[in-house]
Amino acid sequence: MPITETDIQLIEKHLEKTLSNTEQTAFDERLVDSDFVDELQLYQKSIFAIQAAGDKKLKTLLQLEEVASNAPPQYQNELFIFKIPSKWMKWQWMALAATFLIGAVTLLFVLNQPKTILATYFEHYNIKAYDGTRGDDSEGVETDLDRAYSAYTQKHYDKALAYFGKVTTLDSNALFIQSIAYLATHQIDKAIPILEKISQNTNAKQRQEAEWYLALALSEAQPEKAISLFEKIKSDTHNLHQKKAAAILNQLQ
Amino acid sequence: MPVPATEKHIDNQIIAEILAGRETTLRRIYPVYATEFKAWTRRYFKCSDADLTDAYQEALIAFYRNIVSGQLTELNASLKTYLFVIGYRHLKRSMKRQQKTSLVADLPEHELPNDPHFLQNLIAEEEYHAQRHLISGALAKLPESCQKVLELYFYQGHSIPKIKDLLNYQSENSVSVQKSRCLKSLRDILEKY
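Chains as they are written, first to last, in numbering that gives the first Met the number 0: chain L, 0 to 252; chain E, 0 to 192.
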């Protein structure tokens, strides 16, 4: 018997464990049809494929975690190491108290700092002359863009982002600096689209830098894409970050 | 050996943290037992450091998958036992498959938790591993928007309303329609496998 739209709905609900009693009866009755069983198996295989892909992605994330934990000391980044979300600070105190009861294992858990690739390899980008630090109409008057650059230079990233937010249109130079400030404040989702845009623009002066920071950002959320980008950087012998990308990839292998 | 009540409470709190924070929490757990796991498994296996790292990562992935899929809601053994035994079984399985790892000693029975659900999970884990690598690349053949919806729903276990917010969909219905459409596309790809 041919597979109908209702059959597909029954199969989906079965896989999601949301069949009502009536639907369950209808589902059970359809199990005598070999075409229905074949269709069910294909859908089960699909769920399996999603799980397998999810595991693969998670594995890559954990591998990057391992690489970060073995990174040379010069890459242990103070900016990220001392920034623990307040929720985890709370965790720390709670668990410190619990340590008296349950011993060193818990203490080890809560005191562990996250060592991600981004946290390990992130470095403040020093603004170069070609990045441009003033707007065209800014002669003699300090603009919000000037204030943003100034706050960024002093590593006051939150302040810099607030000033960038006040500027109506940011050019690609300003966007790049803004994306670094996003990364420094761990706003990865906001940094990624900006860095993607700059790294795809072959005329952008900061293209190489943007690719490197993009790879670092992707290592937090889309590790397979990050690895492809590290490979691209590694293959370019003129790339400023070639050695660091090669070191990360070597450790992964 | 029974798990002390406070330790059990904290381990189960980790389950709640994983459900709330997903991958981020798992990554925070990662360094906690990594060194100890390697030292412990060296008592049973003669193999490379990379193999031990791999086994530890696989144990964490299994732990994570069982939580987000709703199969593991409470730990009756300690988190450490759970991870160590799964890692041990992974090494033993890979030893059989590749014959590059050799077993020094068998894990004593008393080190296995006396928990039928735990053992059932282990068996399911082994069946899963046998096929996993064969079809893990199928999802990558779909457009990225499809991959994301399917991953969030079927792997991360997020609800439709949560996915609507995460991916900025207009309505929950659009998420449901997209999910069904993408699952069908994946089914079409796998039909040719």
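We put the beta carbon where it would ideally sit given N, CA and C, even for glycine.
Contact check for residue 239 (chain L) against residue 199 (chain L) fails: the beta carbons are separated by 9 Å or more.
Excluding sequence positions up to five before and after residue 59 (chain E), its CB lies within less than 8 Å of the CB of 25, 28, 29, 82, all in the same chain and listed in chain order.
Contact of residue 120 (chain L) with chain E by beta-carbon distance below 7 Å is absent, the smallest such distance being about 16 Å. For residue 52 (chain L), the chain E residues whose Cβ falls inside 9 Å of its Cβ are 134, 135, 136, 137, 138, 139, 146, 149, 150, 154, in order along the chain. Scanning its chain for C-beta atoms nearer than 7 Å, with the 5 sequence neighbours on each side dropped, one finds around residue 0 (chain L) the residues 32, 34, in chain order. By the criterion of a C-beta distance shorter than 7 Å, residue 152 (chain E) is surrounded in its chain by 162, 178, once the five residues flanking it on both sides are discounted.
Counting along the chain, the unbroken alpha helix (DSSP H) around residue 175 (chain L) starts and ends at 171-183. Secondary structure remark: continuous beta strand (DSSP E) runs of at least 3 residues inside the region 188-218 of chain L: none found.
Residue contact with chain E for residue 56 (chain L): present (Cβ-Cβ distance below 9 Å to some residue of chain E). Residue nearest to residue 34 (chain E) within the set E:91, E:49, E:21 is E:49 (criterion: CA-CA distance).
For residue 160 (chain E), no Cβ of chain L is located within less than 9 Å of the residue's own Cβ.
The three-state secondary structure of residue 121 (chain L), taken from DSSP, is coil. One Cα belongs to residue 39 (chain L), the other to residue 10 (chain L), and the distance between them is close to 6 Å.
The alpha-carbon of residue 16 (chain L) is positioned some 34 Å away from that of residue 96 (chain E). Here residue 45 (chain L) is buried. Its C-beta has 16 or more other C-beta atoms within 10 Å.
Under a 10 Å Cβ-count criterion, residue 140 (chain L) is classified as exposed, with fewer than 16 other Cβ atoms of the shown protein chains found around its own Cβ. With contacts defined by Cβ atoms closer than 9 Å, residue 251 (chain L) and residue 66 (chain L) form a contacting pair. Under the DSSP assignment, residue 170 (chain E) falls outside any alpha helix (DSSP H); it carries neither an H nor an E label. Taking the Cα of residue 138 (chain E) as reference, the smallest distance to any Cα among L:42, L:248, L:14 is reached at L:42. Sorting L:122, L:169, L:124, L:123 by C-alpha distance to the C-alpha of residue 145 (chain L) places L:169 at the top.
When DSSP states are grouped into helix, strand and coil, residue 45 (chain E) belongs to the strand group. Ranked by Cα distance from residue 176 (chain L), the options L:188, L:165, L:193, L:185 are led by L:193. Annotated three-state conformation of residue 141 (chain E) is coil, per DSSP. Nearest neighbour of residue 74 (chain E) by Cα position, chosen from E:10, E:181, E:190, E:147, turns out to be E:10. Around the C-beta of residue 176 (chain E), fewer than 16 other C-beta atoms lie within 10 Å, and the residue is accordingly described as exposed. If you look at residue 30 (chain E), you'll find it in the alpha helix (DSSP H) that goes 22-40. Take residue 54 (chain E), set aside five residues on each side of it, and the residues of its chain with a beta-carbon closer than 6 Å to its own are 86, 89, 90, in chain order.
In the DSSP assignment, residue 48 (chain L) falls within the unbroken alpha helix (DSSP H) covering 33-68. One finds nothing in chain E with a Cβ atom closer than 7 Å to the Cβ of residue 195 (chain L); even the nearest lies about 12 Å away. Neighbours of residue 11 (chain L) in chain E, taken as residues at a C-beta separation under 8 Å, are given in chain order as 179, 182.
Nearest CB-CB separation between residue 64 (chain L) and chain E: below the 9 Å threshold. The C-beta of residue 234 (chain L) comes no closer than 9 Å to any C-beta of chain E. Following the DSSP letters along the chain, one finds residue 145 (chain L) inside the alpha helix (DSSP H) bounded by residues 143-152. Residue 191 (chain L) and residue 174 (chain L) have their alpha carbons spaced roughly 11 Å apart. With its beta carbon less than 9 Å from one in chain L, residue 33 (chain E) belongs to the interface.
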